[in-house]
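Please read the structure below before turning to the comments.
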């Protein structure tokens with residue numbers, strides 16, 4: 029029982045307890061620095077846990093909450109994948125809060141600041157529970173906190189559009205959590221377990237005997253549809269553009285980079301740990317995920333082409349990149365999951381950088397979000413221009429940046445996977461082309477010298493957002509360069525996630 | 519009640535607005551006018567952004583409503599300094615504006631109609647399909663109430679057979695909630711906390727409580743009856759709360775009863791009386807203390823349990839009041855969180871101010 | 003298929019209520035009716051779960067005078083889950099109703115169609 | 005006993021349908037109140053008294069009170085808005 033066994037519990041409880049403790053603080057700087065300190069501690073503990081797991085004999089460990097073992101009491105479980113993901117998400121949260129701090133100070137009214145940062149801490153802790161939990165109903169409970177906190181920070185800006193975006197987001201994601209709860213009810217009805225490992229034994233027994241066939245197919249479909257709605261895969265994405273388009277900078281970065289991914293990690297754990305790869309192969313849901321991913325990749329990029337508002341364009345490109353991730357999951361092989369995991373990391377880092385840079389562009393252009401008004405803005409705000417360039421290139425898939433290895437591994441996963449090789453590779457190429465089609469022209473507009481608007485010099489970006497952008501660029505390049513060790517760790521992690 | 523008049527004619531009024539050309543006086547139009555102007559210079563439509571202190575002074579008690587005063591659209595700026603005189607260019611701008619709006623409305627109306635029909639069709643088919651699939655899956659599920667169904671496995675047997683000796687509580691449901699699966703209830707208390715903070719962010723007006731609301735004194739009969747009943751409700755709530763581990767009830771239902779007793783008292787005797795006892799600050803502080811108590815005490819027993827030690831908390835003899843080990847204090851803290859959240863929600867929704 | 007549904011009729015009604023709640027949530031124009039639809043959906047799933055935990059001929063899971071034999075008590079786990087779920091349903095309803103107040107304050111209506119039309123009108127202008 | 009359960013379940017389905025077909029919001033909320041009261045009775049018949057108590061106290065009690073308060077607030081905002089426009 030070494031020290032690092034307690035880290036998952038500390039990572040979860042620290043932001044939760046702090047969210048209650050920061051009630052008395054009122055001033056913006058202390059609140060932001062406390063929340064960032066908490067997120068930094070979570071990131072540091074996760075990477076320490078990751079390092080100690082790397083060279084520990086056992087691949088994963090379970091942390092028993094309370095004095096009763098698994099099927100009776102609650103349990104957390106930490107392995108390589110959970111450690112990497114919680115570390116990456118905590119870092120992205122840290123940089124997004126730091127990067128968007130200036131906009132939050134302006135948009136969130138003084139009376140409501142400490143409530144905003146309470147919600148940021150609750151978001152952090154519920155995200156960590158979604159990653160580390162080994163119990164499906166605990167996943168549901170903290171999924172609700174995650175949704176309420178995301179809606180609360182989304183509407184902290186209190187303009188007409190954000191409130192309408194929040195209602196739309198909430199209606200959609202309520203349907204998602206209801207389907208999730210219904211599939212928990214069905215799963216409990218047939219297996220009698222709420223924890224993932226005991227449920228897997230019972231489901232494996234049923235799969236061989238061919239018992240309860242339709243309820244099992246129903247539960248895995250309801251789980252997937254719930255996560256599709258919450259992570260805005262194409263047919264269920266209608267809430268995303270309003271939510272990400274109108275929120276403040278740090279909230280858009282957090283929503284796009286981190287909130288969407290927490291549910292995908294939960295679905296990955298459900299598929300691998302509750303059903304297992306071979307049972308979910310037989311159940312036949314994986315091709316559906318694969319085809320929905322393809323649809324979302326192409327349609328997301330097509331719609332993003334038509335957008336004039338910079339933040340809505342980036343939001344639609346999030347829908348496309350969620351499609352990549354679900355395409356990777358749809359292969360239902362360990363390498364497919366590893367490629368999807370890699371793209372989760374790459375997308376989290378590049379997307380939050382794009383949103384912070386876009387926030388700075390909008391501020392320099394005096395608050396207007398239309399791309400025509402932002403022509404030549406990268407000349408004025410050089411650092412944000414470089415950050416936007418790096419983020420866009422990495423999402424297109426240019427080598428040396430984070431997007432390239434993940435798309436490359438998605439293609440190799442398609443080649444290794446038997447069925448549907450050529451469609452996947454073709455659609456990957458088409459959607460990469462579409463990505464380029466809407467990112468390159470915007471980049472040209474931003475960096476163009478002629479007919480650049482004259483921007484009033486009253487907006488001076490603060491130092492912390494510059495630091496955040498520089499660190500995100502470094503992280504992006506690191507992800508783009510060190511892909512060989514990373515993909516092997518991801519593969520090893522996913523093979524033991526079950 | 520505006521929605522009370524059936525939606526039909528309200529919607530017709532709206533449809534005539536959509537078709538009407540000159541008459542732009544209806545309320546929806548006011549909002550549209552709001553949106554056009556604000557959107558043009560693309561400041562997001564912040565009705566509440568002018569948080570200059572003056573807004574609180576202009577408030578008179580009787581129209582102290584949630585944000586309605588901030589939202590007032592001042593026509594004088596739009597139509598020149600006094601509303602009578604409109605100079606030429608403003609009139610021209612207005613005419614051009616309404617002409618463009620006519621063209622726009624036709625496009626909007628058709629698009630709206632098609633999406634309406636399409637949307638209803640999709641959701642009808644969707645729900646019938648889902649219910650059909652669910653009933654199909656249900657037909658394969660184990661029978662209702664038969665003892666041999668898979669849910670009666672070793673998990674259920676241990677909860678019933680060794681529930682009392684493990685946790686010392688005779689009400690097994692309370693034992694599960696507060697001892698076997700206490701992490702869910704921790705999440706539960708934090709869901710309530712998040713909802714309360716979310717509602718505070720949304721509904722609480724920023725003018726603080728220096729406004730003494732004009733209290734409508736309730737009829738004597740109501741006040742007298744409430745004076746008679748509320749002690750019994752409080753005793754009943756406290757009984758349910760404290761005996762959560764012995765009889766059905768526990769933190770949630772006991773807290774809800776106490777919360778509704780507080781709200782009942784606030785309804786009849788005016789929120790001001792309750793506010794002297796339980797101001798906004800004490801409400802938040804007591805909820806935080808209860809949450810911290812739960813998190814720290816239960817966190818201690820999680821960490822001890824995880825590292826295999828036995829937490830030295832005596833379980834007491836099952837059956838009497840202080841017998842459930844940690845269950846009774848946890849019940850009290852969850853009860854406090856639920857009671858004050860319920861009262862807070864009542865106060866926020868009724869006056870926008872706890 | 004039919005006689006299976008006849009035997010577990012409570013779960014069948016729970017699923018029908020789920021369908022009605024889902025239809026109300028998706029189909030209803032007024033926001034408050036959407037929230038009532040959500041509550042109906044939520045309580046129907048809890049009815050389904052509680053019916054799953056019921057065992058014929060066994061009593062409530064309160065251990066009375068020391069009898070800890072399995073034959074006397076129903077399955078307590080679904081009750082624990084539903085207890086947690088009810089309070090989650092209340093908190094989501096409270097949050098959404100606060101949003102309704104805010105929406106009414108800005109748009110002057112609770113009718114999602116009118117709001118979408120206003121939005122369409124607004125977006126089609128810029 | 006079974007007949008009584010079927011009767012209550014029928015009443016539940018009727019209430020659920022009635023919510024979407026009533027015109028007035030207040031009647032929808034009142035129907036929902038009766039819906040959750042009947043639901044807690046059914047839970048009592050399913051031998052889970054904890055749930056019946058919580059559903060009665062929390063589901064029927066708090067949710068309905070909050071619904072009615074919101075409707076009252078919307079009414080007062082409606083009047084304030086109409087007399088605000090009248091005053092101008």
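Protein chains in written order, with my numbering: chain A, 29 to 526; chain B, 519 to 872; chain C, 3 to 128; chain D, 5 to 92. Cβ coordinates follow ideal geometry from the N, Cα and C atoms, glycine included. The structure presented is a predicted model; accordingly, all values stated were derived computationally and were not measured.
### Message
If we define contact as Cβ-Cβ less than 8 Å, is residue 192(A) a contact residue for chain C?
### Response
yes
### Query
Which residues does DSSP pair with residue 57(C) in a beta bridge?
663(B)
### Message
Using a Cβ-Cβ distance cut-off of 8 Å, determine whether residue 649(B) contacts chain C.
### Response
yes
### Message
Restricting to Cα atoms, I'd like to know which of 126(A), 175(A) and 383(A) is closest to residue 1(C).
### Response
No answer is possible for residue 1(C): the residues shown for chain C start at 3 and end at 128.
### Task
Grab the span of the alpha helix (DSSP H) containing residue 407(A) for me, first residue to last.
405-408
#### Entry: Same chain, Cβ closer than 8 Å to residue 840(B), neighbours up to 5 away in sequence not counted
834 and 846
### Task
Determine whether the Cβ of residue 22(D) lies closer than 8 Å to any Cβ atom of chain B.
no
### Task
With DSSP collapsed to three states, give me the class of residue 687(B).
coil
### Query
Does the beta carbon of residue 597(B) sit closer than 8 Å to a beta carbon anywhere in chain A?
With a pLDDT of 39 at residue 597(B), under the threshold of 50, the predicted position of this residue should be treated as unreliable, though the coordinate-derived value follows. No, no contact with chain A.
#### Entry: residue 334(A), buried or exposed, once every other Cβ within 10 Å from all chains shown has been counted against 16
exposed
### Message
Just to make sure I have the definition right: I need the residues of chain D whose C-beta is within less than 7 Å of the C-beta of residue 106(C). Which are they?
### Response
78 and 81
### Query
Any Cβ of chain B within less than 8 Å of the Cβ of residue 61(D)?
yes
### Message
What are the residues in the region 745-770 of chain B lying within 9 Å of chain C by C-beta distance?
### Response
764, 765, 766, 768 and 770
### Message
Under 8 Å, Cβ to Cβ, is there at least one residue of chain B near residue 44(C)?
### Response
no
### Task
Starting from the Cα of residue 258(A), find the closest Cα among 433(A), 105(A), 190(A) and 287(A) and give me that residue.
287(A)
### Query
residue 864(B) versus chain D: which residues are under 9 Å apart at the beta carbon?
66, 69, 70 and 73
### Query
By a C-beta neighbour count over all protein chains shown, 10 Å radius and 16 as the cutoff for buried, is residue 753(B) buried or exposed?
exposed
### Task
Measure from the alpha carbon of residue 279(A) to the alpha carbon of each residue in 382(A), 305(A), 78(A) and 58(A), then state which is nearest.
382(A)
### Message
For a quick check, are the C-beta atoms of residue 524(A) and residue 88(A) less than 8 Å apart?
### Response
yes
### Query
CB-CB under 8 Å to residue 246(A), same chain, minus the five flanking residues each way: which ones, in chain order?
211 and 214
### Query
What residue range is occupied by the uninterrupted alpha helix (DSSP H) comprising residue 60(D)?
That residue, residue 60(D), is in no alpha helix (DSSP H); it is neither H nor E in DSSP.
### Query
Taking the alpha helix (DSSP H) that residue 189(A) falls in, what are its first and last residues?
188-219
### Task
Please go through the same chain and pick out, in chain order, the residues whose beta-carbon is closer than 6 Å to the beta-carbon of residue 243(A), but skip the five residues on each side of it.
214 and 218
### Query
Can you list, in chain order, the residues of its chain whose CB lies under 6 Å from that of residue 853(B), leaving out five sequence neighbours each side?
759, 769, 772 and 773
### Message
Let's see if you can read the secondary structure: which residues bound the alpha helix (DSSP H) around residue 134(A)?
### Response
129-135
### Query
With distances taken between CB atoms, is the gap from residue 298(A) to residue 371(A) smaller than 8 Å?
no
### Task
Please report the residue range of the alpha helix (DSSP H) in which residue 233(A) lies.
224-237
### Query
For residue 64(C), which residues does DSSP report across the bridge?
689(B)
### Task
Answer yes if the region 43-57 of chain D comes into contact with the region 51-62 of chain C, meaning at least three C-beta pairs across the two stretches below 8 Å, and no otherwise.
yes
### Message
Can you tell me whether residue 75(C) is helix, strand or coil according to DSSP?
### Response
strand
### Task
Anything in chain D within Cβ reach of residue 867(B), meaning under 8 Å, just list it in chain order.
70, 73, 74 and 77
### Query
Closest to residue 424(A) by CA distance: which of 61(A), 346(A) and 410(A) is it?
346(A)
### Query
If we ignore side chains and look at the alpha-carbon of each, how far apart do residue 641(B) and residue 263(A) end up?
14 Å
### Message
So residue 818(B) contacts chain C; which residues on that side make the cut at Cβ distance below 7 Å?
### Response
Near residue 818(B) there are no residues of chain C at all, since even the closest Cβ is about 22 Å away, more than 7 Å.
### Query
Along chain C, in chain order, which residues have C-beta atoms closer than 7 Å to that of residue 225(A)?
Ordered by position in chain C, no residue passes the 7 Å Cβ test against residue 225(A), which lies about 17 Å from the chain.
### Query
Does the beta carbon of residue 672(B) come closer than 8 Å to any beta carbon on chain A?
yes
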